[in-house]
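Visitor: Here's a structure for you.
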Amino acid sequence: MTTDAATAQPSPLLAGKNRGFIDRFGDRALYIITLLAALLSVAVVLGLAYKIVDEAAPAMSKFGLGFLTTSNFDPVHGEFGAAQFIYGTAVSSFGALLLATPISVAIALFLTELAPRSSRTAIGTLVELLAGIPSVILGLWGIIVLGPVLNDTIEPALHSVLGWIPLFGGTYSLVGLFPAILILTIMTVPIVSSLTREIFATVPPTDKEGALALGATRWEMIKTVVLPYSRPGIIGAVILGLGRAVGEAIAVTQVIGNTAGIHSNIFLPADTLASKIANTYQGADPSTTIPALAYFAVILFVLSLIFNSVARLLVRRVQSRAGRAG
Amino acid sequence: MISRKSILAVACCGVLALGVAACGSSSSSSTSGGSSGTANTPLTGAGSTLIAPLMSKWQSDYSSRTGNTVTYGAIGSGGGIEQITAGTVDFGASDAPLTPDQQKAAADVLMIPWALSSTDPVYNINGVSDGLRLDGPTLANIFLGNITAWNDPAIAKLNPGVTLPSTKITPVYRSDGSGDTYILTDYLSKVSSEWKSKVGVGTEVKFPTGVGGKGNDGVSAVLSKTDGAIAYVGAAYAASNGFNQVAVENAAGKFLQPTLGTISAAAAAVKTIPSNNAVSLTDPPKSATNAYPLASYTYVLAPSTSDKADSLKEFITYAIGPGQSFGPSLLFAKLPSQITSADKATIAKIGG
Chain A
571 MTTDAATAQP
581 SPLLAGKNRG
591 FIDRFGDRAL
601 YIITLLAALL
611 SVAVVLGLAY
621 KIVDEAAPAM
631 SKFGLGFLTT
641 SNFDPVHGEF
651 GAAQFIYGTA
661 VSSFGALLLA
671 TPISVAIALF
681 LTELAPRSSR
691 TAIGTLVELL
701 AGIPSVILGL
711 WGIIVLGPVL
721 NDTIEPALHS
731 VLGWIPLFGG
741 TYSLVGLFPA
751 ILILTIMTVP
761 IVSSLTREIF
771 ATVPPTDKEG
781 ALALGATRWE
791 MIKTVVLPYS
801 RPGIIGAVIL
811 GLGRAVGEAI
821 AVTQVIGNTA
831 GIHSNIFLPA
841 DTLASKIANT
851 YQGADPSTTI
861 PALAYFAVIL
871 FVLSLIFNSV
881 ARLLVRRVQS
891 RAGRAG
Chain B
8 MISRKSILAV
18 ACCGVLALGV
28 AACGSSSSSS
38 TSGGSSGTAN
48 TPLTGAGSTL
58 IAPLMSKWQS
68 DYSSRTGNTV
78 TYGAIGSGGG
88 IEQITAGTVD
98 FGASDAPLTP
108 DQQKAAADVL
118 MIPWALSSTD
128 PVYNINGVSD
138 GLRLDGPTLA
148 NIFLGNITAW
158 NDPAIAKLNP
168 GVTLPSTKIT
178 PVYRSDGSGD
188 TYILTDYLSK
198 VSSEWKSKVG
208 VGTEVKFPTG
218 VGGKGNDGVS
228 AVLSKTDGAI
238 AYVGAAYAAS
248 NGFNQVAVEN
258 AAGKFLQPTL
268 GTISAAAAAV
278 KTIPSNNAVS
288 LTDPPKSATN
298 AYPLASYTYV
308 LAPSTSDKAD
318 SLKEFITYAI
328 GPGQSFGPSL
338 LFAKLPSQIT
348 SADKATIAKI
358 GG
């Protein structure tokens, strides 16, 4: 039998004259206060969306949907197009996700299944500390430390081994998509790994014990019970991490080179939507450049809406399965 | 077991202590000092990052002289123009003069040149020491991407006796809006018609080639780690960071680096000041033999009507007068007399 707290009726013995004024109307007041808080956040989101679309309206009517396919950013002549920035955002975010997902899943598996119990909290805390590093610091570290290492050592090595793939072309640079991908990976791993840990924790112990009892090795148990069960949740966590990567502006703008152009070589400099907005917004011409930047913001907003909705749907699937099984 | 009462007592003591400390510090920050009727009218300003080092010297000196505090936010020339147009600050600061459109939007804003500095092309080439010679058209071609290697004949012709490596040229530019970009593009537009039509002038332009860095720091980080890079930074920044500076050829045929003398010579070459005080010092005429080609004034943008008019007038008069003494150590040359008199006439127009 389940008791649903939201719909439980207070006992008749406690109602009416047996209760003071505050107790009688407290529930109603609580409802109103929490409703106001929720409405406030909804109002902020709607207000933000309205303001961004309003700012972007001149650019949207001037450039239309062709904005998404042309590549240009010329404040002097008033010509703008988002294609190269969308490309930069897409490659840097998906690249980061490709690297972050296996690392995060591995960290989560280690912490929930394989690590000695006493060390789990310590290691988990250290991983989550990564999320606390300010993005400016990561960006500075990226350009001062990571960039030269990539330019001198890693990029030539990748090119000599995998140079037949156009992604790893022959020109090296200390700023570009590759350092941006690595920095974004560092920023996404803490989020995805902590979410994945939560999801792994919802796997019913009975299933896991059953697999072990039937003679499965630790790896077989993980492969046949934990991973398939958590798959929608992991995808949800990954998509949330993607949302983070797409919106990251400061760290990316310091290491990506802020350069126009769409190239297949990820070692070359590029630019992303968020990074361009962060760089250019202050002091941009309000009549021509700012509407174009607001149009970028609209694109980012829509992307983030999509990612968040898909992620919620998937994570909810895992939770409802946990509810049914338990 | 700590009781709730003792926690409460400790918390109250803490709040009291903080309050006393705050009162104590605020009373010590109100400085003593002679002041006329403008005492304690704090001014807020925002804008150019080029003037920021000089501004911080002005802020402390001015506050000890008059007791007035000036708060300044170095958010970039464009930001300064935006804020003074919106009226959210008492004065703005910009390296670029207002364009006709901007002046229309900020109809009551006056431009007053209050410091004189320059932008400096700097480079990092393995094996090449300080003082590489370049002329305007070659500089333009480098930033346009027409010249791609350091041993190009155009560069070699200007530098006989210097062994130039075949390293690729990487132009580095400011990815954020910048007064330094304005000065450079203003100069390049005058010496290269291709630059003028293809790229144009502005605090933010579409550079045809190269890599961007955010702020002077971002640019210098890329510059110092990239062999073959050429960039442009404010003169004070270049000097204090020890970069190799280009010797730019001026119209008289001399190759010069920015020094107080060459910057002043560029300012002295402009004798007639237009009514709105917008003066371009880049590419000075042939008669200014010792003039550095990439000098520029930086302007304070003051509203002609303001309820802080007296305070504003006092501060700006200070800046173009006693304040100039802080300039030379930061590579800001002293304002020439024709500008100071034009400035004083404009300051008189600021009314309540």
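Line order of the protein sequences matches chains A and B. Going left to right, the first sequence walks through residues 571 to 896 as the working numbering numbers them. Going left to right, the second sequence walks through residues 8 to 359 as the working numbering numbers them. Positions of the beta carbon are idealized from the N, C-alpha and C atoms, including for glycine.
#1: Quick one: which chain B residues come within Cβ less than 7 Å of residue 854 (chain A)?
#2: Counting Cβ pairs, one atom from each stretch, are 3 or more of them under 8 Å apart for the region 668-678 of chain A and the region 763-772 of chain A?
#3: Quick check: residue 129 (chain B) and residue 47 (chain B), are their CB atoms within less than 9 Å of each other?
#4: Please go through the same chain and pick out, in chain order, the residues whose beta-carbon is closer than 6 Å to the beta-carbon of residue 639 (chain A), but skip the five residues on each side of it.
#5: Which runs of the alpha helix (DSSP H) spanning at least 4 residues fall entirely within the region 183-234 of chain B, listed in chain order?
#6: Please check the pair residue 758 (chain A) and residue 814 (chain A), which I expect to be a contact at CB under 8 Å, by giving their CB distance rounded to whole angstroms.
#7: Quick one: is residue 277 (chain B) near chain A, going by C-beta distance under 9 Å?
#8: Please confirm whether residue 302 (chain B) and residue 265 (chain B) have their CB atoms less than 9 Å apart.
#9: Write down the C-beta distance between residue 744 (chain A) and residue 717 (chain A) rounded to the nearest angstrom, noting that I regard them as a contact closer than 8 Å.
#10: Would you identify the three-state DSSP class for residue 818 (chain A), choosing helix, strand or coil?
#11: Is the beta carbon of residue 177 (chain B) closer than 9 Å to that of residue 91 (chain B)?
#12: Tell me which same chain residues have a C-beta within less than 6 Å of the C-beta of residue 341 (chain B), skipping the five on either side of it?
#13: I want to verify the contact list: residues of chain A whose CB lies under 9 Å from the CB of residue 91 (chain B), in sequence order.
#14: When you compare only the Cα positions, how much space is there between residue 329 (chain B) and residue 121 (chain B)?
#15: Mind checking if residue 590 (chain A) is an interface residue toward chain B, Cβ cutoff 9 Å exclusive?
#16: Measure from the C-beta of residue 293 (chain B) to each C-beta in chain A and report whether the shortest distance is under 9 Å.
#17: What separation, rounded to the nearest whole angstrom, lies between the Cα atoms of residue 239 (chain B) and residue 615 (chain A)?
#18: Looking at residue 113 (chain B) and residue 80 (chain B), is the spacing between their C-beta atoms short of 9 Å?
#19: Assign residue 131 (chain B) to buried or exposed, taking buried as 16 or more other Cβ atoms, counted over all protein chains shown, within 10 Å of its Cβ.
#20: Can you tell me whether DSSP reads residue 318 (chain B) as helix, strand or coil?
#21: Could you list which residues in chain B have their beta carbon closer than 7 Å to that of residue 849 (chain A), in chain order?
#22: Closest to residue 94 (chain B) by C-alpha separation, out of B:314, B:338, B:275 and B:321, would be which residue?
#23: What does residue 313 (chain B) pair with, by DSSP beta-bridge criteria?
#24: Tell me the DSSP secondary structure of residue 837 (chain A) in three-state form.
#25: Which residues bound the beta strand (DSSP E) around residue 180 (chain B)?
#26: Measuring CB to CB, does residue 82 (chain B) end up less than 9 Å from residue 56 (chain B)?
#27: Excluding five sequence neighbours on each side, which residues of the same chain lie with their C-beta closer than 7 Å to the C-beta of residue 885 (chain A)?
#28: Starting from residue 246 (chain B), follow the alpha helix (DSSP H) in both directions and report where the run begins and ends.
Guide: On the basis of the supplied data:
#1: 85, 184 and 211
#2: yes
#3: no
#4: 653
#5: 186-198, 200-205 and 222-232
#6: 6 Å
#7: no
#8: yes
#9: 4 Å
#10: coil
#11: no
#12: 331
#13: What residue 91 (chain B) touches in chain A: nothing, since even the nearest Cβ is about 12 Å away.
#14: 12 Å
#15: no
#16: no
#17: 41 Å
#18: no
#19: buried
#20: helix
#21: 182, 183 and 221
#22: B:314
#23: For residue 313 (chain B), which the question treats as bridged, DSSP gives no partner whatsoever.
#24: coil
#25: 177-181
#26: yes
#27: 803 and 806
#28: 242-248
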